Structures are given as C-alpha cells and as structure tokens.
Amino acid sequence: MKIYFLSSRPCALTLNGAFFGVTDKFERYAEISLKDNIYAQFSPQGGLSIGCFLTDSLRFSPPENFEVYLLKDGLVLYARDFPPADFTLKPLAQAKENGVLATLFRQGRLQLSIEYLGELHTDTLPDTFESGALVFHSGLVFVECENCLAVYAKTGERLLMETVLSYTVEENVLRAVLPLSDAFGRTAECAWELTETACAQTEFTVRQSVNAPKEDLLAYAFFESVLIGANYAELLSDELRPDAEKIVGFLGDFVAVTLTADPKRCGLIKKRGDRLFEAVYFSVETADGKIIDVKG
Numbered sequence: 001m002k003i004y005f006l007s008s009r010p011c012a013l014t015l016n017g018a019f020f021g022v023t024d025k026f027e028r029y030a031e032i033s034l035k036d037n038i039y040a041q042f043s044p045q046g047g048l049s050i051g052c053f054l055t056d057s058l059r060f061s062p063p064e065n066f067e068v069y070l071l072k073d074g075l076v077l078y079a080r081d082f083p084p085a086d087f088t089l090k091p092l093a094q095a096k097e098n099g100v101l102a103t104l105f106r107q108g109r110l111q112l113s114i115e116y117l118g119e120l121h122t123d124t125l126p127d128t129f130e131s132g133a134l135v136f137h138s139g140l141v142f143v144e145c146e147n148c149l150a151v152y153a154k155t156g157e158r159l160l161m162e163t164v165l166s167y168t169v170e171e172n173v174l175r176a177v178l179p180l181s182d183a184f185g186r187t188a189e190c191a192w193e194l195t196e197t198a199c200a201q202t203e204f205t206v207r208q209s210v211n212a213p214k215e216d217l218l219a220y221a222f223f224e225s226v227l228i229g230a231n232y233a234e235l236l237s238d239e240l241r242p243d244a245e246k247i248v249g250f251l252g253d254f255v256a257v258t259l260t261a262d263p264k265r266c267g268l269i270k271k272r273g274d275r276l277f278e279a280v281y282f283s284v285e286t287a288d289g290k291i292i293d294v295k296g
C-alpha cells in the first residue's frame with residue numbers, strides 16, 4: 001500500500017536504517033507492505049529522532065508523537081512532535097499592555113506564557129513561531145511571524161492559529177489571506193470578529209490567481225463554509241437550498257478539508273480516535289455557478 005511520509009519539521013527519513021529522503025509538509029510516498037514490519041525513523045536537525053514500525057496497528061492506534069490519516073489508497077504517517085535535545089531557558093520576545101505580560105521563550109519546546117491578574121498561563125507553539133513578534137490587538141495577544149499567526153486571550157486560551165500570507169486588524173475585525181496549496185493558485189480571504197475572549201470567523205472566500213472555471217471553486221468553498229459555519233446555503237442552487245440541512249447531515253462531522261486533483265472533489269478529514277483521522281471523499285455537480293448535487 002502507499003505510505004505517505006510527512007513531518008512538522010524537515011527530517012532525514014530512514015527505512016530499516018537506509019536513507020529514504022528528506023521529509024517535510026510536502027507529501028512523499030513509498031509502496032510498502034505493512035506485513036514487512038519496516039522501521040521508519042525521522043531525524044530532525046536540533047532535535048531527537050522519533051520512529052515506529054510500519055505495521056497494521058497504525059490503522060487503529062498511532063504511536064506516540066505521530067498522527068495517522070487513513071486514505072482510500074493507503075495512509076499518511078505524520079511525524080508531529082519531536083522531543084527537544086536542549087532544555088536551556090532562552091527568552092525570545094516579550095510585550096506588555098494593560099497589565100498583560102506575554103513572553104515567547106524556548107525551554108525544550110517553544111512556549112508562550114501570558115501573565116494576567118497574578119495568574120500565569122503557558123502554551124506550546126510549533127517551531128515555526130520561533131522568530132515571532134508579540135503585539136496586542138483588541139485586548140488579545142498576537143504572535144506574528146512571516147507566514148503564520150496565533151491569537152490568544154489574556155486568560156491564555158488559544159483562539160486562532162493559521163498559516164497566513166498577510167493580515168490586518170481594523171475596528172476589532174481581523175482580516176487575513178490564507179494560502180491554499182493547489183494547482184490553481186487559490187487563496188482564502190477570511191475575517192474574524194475579535195473580542196477580549198473570542199475570535200469568531202465571519203467570512204471565508206476562495207480566490208485564485210490562475211484562470212479556471214468558476215465552478216471549480218465551489219466544492220472547496222462549500223465544504224469549508226460548512227466547517228466554519230459560514231453561509232454555505234448561498235452556494236447551492238435554488239432547487240437544492242431547501243435540503244441544505246440534510247446535506248450537512250449527510251456530510252457528518254469533520255475537522256478539515258483537503259483538495260484533490262479534481263477541483264470538484266474534496267476530502268473531508270474525520271477524527272476516528274486519538275491522533276487517528278480518515279479522509280472521506282465527497283464531490284459536487286455544478287451548473288451556472290451553483291452546486292446542484294453533492295455525492296459521497
């Protein structure tokens with residue numbers, strides 16, 4: 001079966017001790033039989049290696065530090081967490097406003113601490129935020145990097161974490177452009193209403209830089225709108241709109257949307273267990289810029 005290898009940071013991947021290649025967030029795969037009991041090891045720079053045996057147990061119980069995504073033609077093995085090799089305390093950034101003190105530091109893992117009214121809250125961040133700057137908007141703590149953004153309440157609750165191309169905050173509204181990795185150069189223009197305790201998404205619009213039929217945008221926009229609670233019904237034809245709630249029930253619960261080679265077909269990522277997910281595929285039929293049918 002096809003085993004796709006991904007990692008949250010660049011790694012050297014070895015299979016039974018033989019170098020296979022470098023992994024990151026771009027999918028690479030190999031045809032492997034789970035009966036061969038091959039040992040896969042991910043070795044990052046500046047961190048400790050993690051590994052696991054490629055057996056059928058991956059389909060039911062992912063090993064610690066890994067996530068597994070079940071696909072129709074195989075599975076994805078995602079090396080997510082790497083034990084740190086250095087536990088030296090290293091302050092990286094700090095900001096203070098209206099009695100809120102935020103500190104970005106590394107002690108083993110990259111962490112953000114927020115101190116407010118005598119209480120200290122700490123959260124772990126991905127390594128991509130190591131060069132982050134701390135700023136305040138609308139009473140919230142923003143950790144901003146060149147291509148990523150995290151937003152926290154002063155109580156330490158994480159409200160948002162996204163990969164972004166750009167963002168602005170005006171009148172308590174956060175607007176950001178999110179990259180969508182696909183052949184049509186798509187991006188998502190999103191908006192969130194900000195309060196001191198919440199970051200509620202209010203808009204999601206798909207744009208593209210490469211010419212393609214308008215209908216090719218509808219599938220992803222529809223499934224993402226269902227996921228975030230945006231107005232998905234406006235993407236349906238007049239005949240299909242009365243069945244909007246039934247269609248959402250047909251899709252079931254899912255936590256993310258992935259693109260496929262067919263722009264009218266998307267994978268809905270459904271949680272099946274602890275660190276275990278499954279991609280379930282749905283397609284749409286379109287006419288005159290609207291969705292006229294949704295099929296599993």
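Note that the working numbering has the sequence shown beginning at 1, numbered continuously upward.
The beta carbon of each residue, even a glycine, is placed where N, CA and C say it ideally should be.
Remember, it's a predicted structure, so these values are computed and weren't measured experimentally.
#1: Is the beta carbon of Y69 closer than 8 angstroms to that of I269?
#2: Quick check on the burial criterion: 16 or more other C-beta atoms within 10 angstroms. Buried or exposed for F282?
#3: Please report how far the alpha carbon of L159 lies from the alpha carbon of C199, in whole angstroms.
#4: Which residue wins for smallest C-alpha separation from L149, given the options H121, P179, K2 and L6?
#5: For T23, does the count of other Cβ atoms within 10 angstroms reach 16, so buried, or fall short, so exposed?
#6: For the beta strand (DSSP E) that F204 lies in, which residues bound it at each end?
#7: With a CB to CB cut of under 6 angstroms and the five nearest residues on each side skipped, what residues in its chain are close to P263?
#8: Inspect the beta-carbon positions of A95 and V135 and report whether they are closer than 8 angstroms.
#9: Does the contact criterion of 3 or more C-beta pairs under 8 angstroms hold for the stretch 280-294 versus the stretch 217-229?
#10: Taking the alpha carbon of K271 as the reference point, which residue from G118, T260 and A256 has its own alpha carbon closest?
#11: Give the single residue among L112, R28, E285 and D127 whose Cα lies nearest to the Cα of F222.
#12: Could you please give the first and the last residue of the uninterrupted alpha helix (DSSP H) stretch that includes F250?
#13: Sorted by chain position, which residues of the same chain lie with C-beta nearer than 7 angstroms to D81's C-beta, five sequence neighbours on each side aside?
#14: Distance cutoff 8 angstroms, beta carbons only. Does V248 sit that close to anything in chain C?
#15: Using only the alpha-carbon positions, how far apart do R275 and E189 sit?
#16: Out of C266, L6, S166 and L174, which has the shortest C-alpha to C-alpha gap to L194?
#17: Cβ atoms of I32 and F42: under 8 angstroms apart, would you say?
#18: Taking 7 angstroms as the limit between beta carbons, can you name the residues of its chain near F19, skipping five residues before and five after?
So, to answer that:
#1: I269 places its beta carbon less than 8 angstroms from that of Y69.
#2: Around the beta carbon of F282, a 10 Å sphere encloses 16 or more other beta carbons of the protein chains shown; the residue is thus reported as buried.
#3: 6 angstroms
#4: P179
#5: Looking at its Cβ environment, which holds 16 or more other Cβ atoms inside 10 Å, T23 is buried.
#6: C199 to Q208
#7: D216
#8: yes
#9: yes
#10: A256
#11: A check of alpha carbon separations from F222 across L112, R28, E285 and D127 identifies E285 as the nearest.
#12: A244 to L251
#13: N65
#14: Looking at the structure shown, chain C is missing, and only one protein chain is on hand.
#15: Linking R275 to E189 through their CA atoms gives a straight-line distance of about 29 angstroms.
#16: Checking every option, the nearest Cα to that of L194 belongs to L174.
#17: no
#18: Excluding positions up to five away in sequence, the list reads A12.
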